[in-house]
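See below for the structure under consideration.
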Amino acid sequence: MCGLVGGFSGSPLNNNEIDIFSNLLYCSALRGEDSTGVMLVTEDGHFDYFKAAVTPSEFICNQLPPLVNKYKNKITGLFGHTRLATVGKIKHSNSHPFLIRKEIMMMHNGNVQSVPSVNVKEFEVDSMALAHSLQKNENPKDVFSGFTGAACVLWFDMRTKTFNVFRNSERPLAYH
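Take a look at the structure:
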């Protein structure tokens, strides 16, 4: 079980909106405290991320401020992930988001039983297999038409400069 939170805007997020994001990330600790990560996009289309095998509280206090300050008044999308380790050890490399060949930056809640173009068993974390499949298959429909498992997925495709969301009936998704 993991948690995904986030927000985006047509203009840079203000301090109040970033505080709301921080509070959502903190509340997402109920979904997992084994690691925390954030991915963002700026108004000029720059993508970045930071992740660590720490609790959301520690992440919000220590890792989030330098990332937000680096892009002060330029962030238009900010998304967070809290992990409850179900597959794979608790360590930095297993934390979300995953960056694949500087083309796909992805975070996932759910489990992956099978996915096109990749053998899930080759990866320590099943979500990493999904990220690799998204990178190998340029059309997400090709990935999710052959996907089995549970999924709520957020990802940036740097090739097309798009933000994408997918979920199947196995995972909830709320947006406003």
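Counting from -1, one number per residue, gives the positions in the sequence shown under this note's numbering. All C-beta atoms, glycine included, are put in the ideal place defined by N, C-alpha and C. Since this is a predicted model, take the numbers as computed values, not measurements.
Counting only the same chain and skipping the five closest in sequence on each side, list residues whose C-beta sits under 6 Å from that of residue i.
i   : result
E15 : none
V3  : L22, L23, S26 and G78
L53 : The question names Leu, but residue 53 in the sequence shown is Thr. Correct list, in chain order: E31.
Could you check the C-alpha separation between residue i and residue j for me, to the nearest Å?
i    : j    : result
E41  : S55  : 27 Å
N13  : P63  : 11 Å
N92  : G86  : 7 Å
T160 : S167 : 23 Å
A148 : V110 : 7 Å
S115 : P10  : 37 Å
Can you check which of these residues, the options, is closest to residue i by C-alpha distance?
i    : options                   : result
V151 : E120, V141, R157 and K159 : V141
L23  : K159, S9, F57 and G75     : F57
G8   : T84, H90, S167 and K72    : K72
Q133 : T146, Q111 and M104       : M104
K49  : Q61, V39 and G35          : G35
W153 : I98, H90, N117 and S143   : I98
T74  : T146, F145 and G5         : G5
N135 : V113, M37, V39 and V118   : V113
T158 : F145, I18, M37 and G43    : G43
Determine the burial state of residue i: buried for a count of at least 16 other Cβ atoms within 10 Å of its Cβ, exposed for fewer.
i    : result
N107 : buried
E31  : buried
C59  : exposed
S125 : buried
Going by beta carbon distance, what residues of the same chain come within less than 8 Å of residue i, once the five residues before and after it are set aside?
i    : result
M156 : F45, K100, E101, I102 and M103
L82  : M(-1), C0, R29, G30, E31 and D32
A51  : D32, S33, I88, K89, H90, N92 and S93
Short of 7 Å in beta carbon distance, which residues of its chain neighbour residue i, apart from the five on each side in sequence? Order them along the chain.
i    : result
S20  : I58 and L62
P138 : L132, N162 and F164
Is residue i close to the ligand COA? I mean its beta-carbon at under 7 Å from any heavy atom of the ligand.
i    : result
W153 : Ligands displayed in this structure: none; no statement on the ligand COA is therefore possible.
(message) In chain order, what are the residue ranges of uninterrupted beta strand (DSSP E) at least 3 long that sit wholly in the segment 63 to 120?
(response) Runs found: 73 to 81, 96 to 98 and 102 to 112.
(request) Could you pull out every unbroken alpha helix (DSSP H) segment of at least 4 residues lying fully inside the segment 117 to 164, listed in chain order? (result) Counting whole runs of 4 or more residues, the segment 117 to 164 contains the alpha helix (DSSP H) stretches 124 to 134 and 138 to 143.
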